[in-house]
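Colleague: Structure below; questions to follow.
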Amino acid sequence: MTATVDTAGLLDGRVAIVSGVGPGMGRSIALALARAGADVVLGARNEASLRAVATEVEVLGRRAVCVPTDITDAVQCRRFVDAAANDLGRLDVLVNNAYAEEDWHDPFDGFDPERWRRPIDVNVFGTLQLSQAAVPHMKASGGSIVMITTLSVKNPIPLLAGYAASKRALTTAAQAMAKELGTSGIRVNCVAPGHIQSDTLSEYFDWNAEQRGISANDVAEEIRAMNPLHYIPTSDEIAQAVLFFASDLSRVITGQTLDVNCGRTMD
Amino acid sequence: MGSLLQGKKCLVSGVGPGLGREIALAFAREGANAVPGPHPESTDPEDCRRIVDAAVADLGRLDVLVLHAVTDDASVSDVPQPFETADLDDWRRIMDVNLFGALQLAHAVIPVMKAQGAGSIVFVSSRDNRNASPFQGGDATAKAARYTAAQVLAKELGPHGIRVNTIVLGSTVSARDCADAVVFFASELSSVVTGQGLDLTGMIS
Chain A
-5 MTATVDTAGL
5 LDGRVAIVSG
15 VGPGMGRSIA
25 LALARAGADV
35 VLGARNEASL
45 RAVATEVEVL
55 GRRAVCVPTD
65 ITDAVQCRRF
75 VDAAANDLGR
85 LDVLVNNAYA
95 EEDWHDPFDG
105 FDPERWRRPI
115 DVNVFGTLQL
125 SQAAVPHMKA
135 SGGSIVMITT
145 LSVKNPIPLL
155 AGYAASKRAL
165 TTAAQAMAKE
175 LGTSGIRVNC
185 VAPGHIQSDT
195 LSEYFDWNAE
205 QRGISANDVA
215 EEIRAMNPLH
225 YIPTSDEIAQ
235 AVLFFASDLS
245 RVITGQTLDV
255 NCGRTMD
Chain B
7 MGSLLQGKKC
17 LVSGVGPGLG
27 REIALAFARE
37 GANAVPGPHP
47 ESTDPEDCRR
57 IVDAAVADLG
67 RLDVLVLHAV
77 TDDASVSDVP
87 QPFETADLDD
97 WRRIMDVNLF
107 GALQLAHAVI
117 PVMKAQGAGS
127 IVFVSSRDNR
137 NASPFQGGDA
147 TAKAARYTAA
157 QVLAKELGPH
167 GIRVNTIVLG
177 STVSARDCAD
187 AVVFFASELS
197 SVVTGQGLDL
207 TGMIS
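Protein sequences, first through last, are from chains A and B. By our numbering, the letter at position 192 of the first sequence is numbered 186, and the numbering carries on one by one without gaps. In our numbering, each number is its position in the second sequence, counted from 1, plus 6.
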């Protein structure tokens, strides 16, 4: 699964916004878009991680603008989007990658509705108000909005029910947006990853292995065996699917969700 | 001109004047070598094996197989038929062209891809088999069978590094638009995607 693909030119002259840029998926998406030729506006609450990714984008020869942003604040969303138009001249692509999940330590019978409020606020309303701010900039020449959702939409993890519910709501909102914005040439699609190789996942394997008295590799193998490719994708590999939806290759696709999980789910 | 399929060796079934040709051209633009496969109605195993052997002899390997469906085939009536009075031999004919022709060619290619430990098979289906139209039941049923076959192949062949996906054509989509979406499933952009269908919706509203 290590094969690389030369994407140079796919997004030449385009400007993209990526929310939730830290060391993981957001970074992979920003770099995939930049390698394809896009200039990028990077947002997240943590400014230090934005700067680190911006430096990597500039090494690729693209421009990067950092806008520390909390997407639950409408004023900050507008400032984030305006940076694309003001500093980079246009806006073609918005990748909604920022998310929140609830503290997952309490089971449902100890349910506190307040635990759901944060994922709903961030993943639904935060994402929608950032998208709403982006739409006027995309109306002139069309655009692509990509939502990063999750396998949990179909297969919720019990202790992350609020997160799953929020992403399901976002998926439905994306379909409604696709119908409303299609006549303006704006496409809206969802990319739904499952497990992703990361330090957090490795820590989970270690923790789970210790609980069960097996090796971390045994736990990893169980996860790999859940999909036909027997593989856990990296965030870089998932970002290539995001690039597809950002690019003109997908110009006749809107309102769709693509499961990017090595075939674990099919429908 | 791009490089998304640089160096890829591809077999595209049913290259005629329409969609198959656009797919072959899009593949060439992205740096691939594409050779035409048999006409989709060719369900003869010997024909399929001969074509695959020739392609491998010519190209050295096969990274991508595109199984393009032909519903505008002159031998298949496109006249709407209510099921109640349909000639089921017509349905059988549609099933032969859309399903068994594709499966026969896949059969011939799979050993090549297994030996490589890698490959991408892309089914192209027209019309949305998940939302069948009345009076075109033969076509919808055949496309649904293709779709399910693609998922089964994805599960069986995944451990060998072979991915299998389906492009579902909408009625308002041009051959050129479709070809670019096929490039995605053919390329390593979709390296962690298998068993999936992508609907080419056009701009819905």
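Using N, Cα and C, we set each Cβ at its ideal position, and we do this for glycine too. The structure presented is a predicted model; accordingly, all values stated were derived computationally and were not measured.
Please list the partners that B/Q122 has in chain A, where partner means a Cβ-to-Cβ separation under 9 Å.
Modeller: Residues of chain A passing the Cβ test: none, with the nearest at roughly 12 Å.
Colleague: Could you work out which residues of chain A lie near B/T172, taking near to mean beta carbons separated by less than 7 Å?
Modeller: None at all; the shortest Cβ gap to chain A is about 10 Å.
Colleague: So A/A58 is in the beta strand (DSSP E); what residue range does that whole segment cover?
Modeller: 58 to 62
Colleague: Please compile the residues from chain A whose C-beta is within a distance smaller than 8 Å of the C-beta of B/E194.
Modeller: A(-3), T(-2), V(-1), Q234
Colleague: What's the gap between the Cα of B/L6 and the Cα of A/D230?
Modeller: Residue 6 of chain B lies beyond the residue range present for chain B, which begins at 7 and ends at 211; the question has no answer from this structure.
Colleague: What in chain B is Cβ-close to A/C256, meaning under 7 Å?
Modeller: V198, T200
Colleague: At a CB-CB cut-off below 9 Å, which residues of chain A make contact with B/S9?
Modeller: Result: V(-1), D0, T1, A2, G3.
Colleague: Taking the beta carbon of B/V118 as the centre, do at least 16 other beta carbons fall within 10 Å, making it buried, or is it exposed?
Modeller: buried
Colleague: Taking only three categories from DSSP, how would you classify A/R181?
Modeller: strand
Colleague: Find the residues of chain B that neighbour A/I247, judging by a C-beta separation of less than 8 Å, and give them in chain order.
Modeller: A187, L204, D205, L206, T207
Colleague: With DSSP run on the structure shown, which of helix, strand or coil describes B/D79?
Modeller: With a pLDDT of 49 at B/D79, under the threshold of 50, the modelled position of that residue is not reliable, and the figure given next carries that caveat. DSSP places B/D79 in coil when its eight states are reduced to three.
Colleague: By Cβ distance, which residues of its chain are closer than 7 Å to A/M220, with the 5 residues on each side in sequence left out?
Modeller: R258
Colleague: Going along the chain, which residues of its own chain have a beta-carbon closer than 8 Å to the beta-carbon of B/A187, five neighbours each way excluded?
Modeller: I173, L204, L206
Colleague: In the segment 143 to 186 of chain B, which residue ranges form an unbroken alpha helix (DSSP H) of at least 4 residues, counting only runs that do not cross its ends?
Modeller: 143 to 163
Colleague: Give the straight-line distance between the Cα atoms of A/D33 and A/F239, rounded to the nearest whole angstrom.
Modeller: 16 Å
Colleague: I'd like the span of the beta strand (DSSP E) that includes A/T251, first residue to last.
Modeller: 251 to 254
Colleague: Return the first residue and the last residue of the beta strand (DSSP E) that A/L36 is part of.
Modeller: Its beta strand (DSSP E) spans residues 33 to 38.
Colleague: Give, in chain order, every residue of the segment 168 to 182 of chain A whose Cβ lies closer than 8 Å to some Cβ of chain B.
Modeller: Here the close residues are A172, K173, E174, G176, T177, G179, R181.
Colleague: Tell me, please, whether the CB atom of B/G107 is closer than 8 Å to any CB atom in chain A?
Modeller: no
Colleague: Quick check on the DSSP output: the beta strand (DSSP E) that includes B/G107 runs from which residue to which?
Modeller: No beta strand (DSSP E) contains B/G107, which is instead part of the alpha helix (DSSP H) from 107 to 122.
Colleague: Counting contacts by CB-CB distance shorter than 8 Å, is B/D79 in contact with chain A?
Modeller: Any answer about B/D79 is weak, because its pLDDT of 49 lies below 50 and its placement is not dependable; what the coordinates show is given next. No, its Cβ sits nowhere closer than 8 Å to a Cβ of chain A.
Colleague: What do you reckon, are the CB atoms on A/V116 and A/V236 nearer than 8 Å?
Modeller: 8 Å or more divides the Cβ of A/V116 from the Cβ of A/V236.
Colleague: May I ask you to verify whether the segment 31 to 50 of chain A touches the segment 14 to 27 of chain B, counting CB pairs closer than 8 Å and requiring at least 3?
Modeller: no
Colleague: Please report the distance separating the alpha-carbon of B/A156 from that of B/K120.
Modeller: Between the alpha carbons of B/A156 and B/K120 lies a gap of roughly 16 Å.
Colleague: In chain B, what lies closer than 7 Å to A/E231 by C-beta?
Modeller: S197, V198
Colleague: By the 7 Å beta-carbon criterion, what residues does the segment 148 to 162 of chain B contribute toward chain A?
Modeller: Q157, A160, K161
Colleague: For A/V61, which of A/I11, A/V89, A/F105 has the nearest alpha-carbon?
Modeller: A/I11
Colleague: Return the residues of the segment 213 to 228 of chain A that lie within a Cβ-Cβ distance of less than 8 Å from chain B, sorted by chain order.
Modeller: N221, P222, L223, H224, Y225, P227
Colleague: For the 8 Å Cβ check, are there 3 or more pairs between the segment 147 to 156 of chain B and the segment 83 to 95 of chain B?
Modeller: The segment 147 to 156 of chain B, when compared against the segment 83 to 95 of chain B, does not touch it at the 8 Å Cβ threshold.
Colleague: Relative to the C-alpha of A/S244, which residue among A/P222, A/G137, A/E216, A/Y198 is closest?
Modeller: A/G137
Colleague: So A/I226 and A/H189 are in contact, right, with Cβ under 8 Å, and what is the actual spacing, rounded?
Modeller: So it is a contact: roughly 5 Å between Cβ atoms.
Colleague: Quick one: which unbroken beta strand (DSSP E) runs of 3-plus residues sit fully inside the segment 77 to 140 of chain A? Chain order, please.
Modeller: 87 to 90
Colleague: Tell me A/I142's beta-bridge partners as DSSP assigns them.
Modeller: Looking at the DSSP output, A/I142 bridges to A/V185.
Colleague: Can you tell me the Cα-Cα spacing of B/D79 and B/A181, whole angstroms?
Modeller: For B/D79, the pLDDT reaches just 49, beneath the cut-off of 50, and the residue's location in the model is therefore unreliable, although a value from the coordinates is still provided. Rounded to the nearest angstrom, the two C-alpha atoms are 16 Å apart.
Colleague: Strictly by DSSP, which residues pair up with A/I11?
Modeller: Among the bridge pairs identified by DSSP, A/I11 is matched with A/V35, A/L88.
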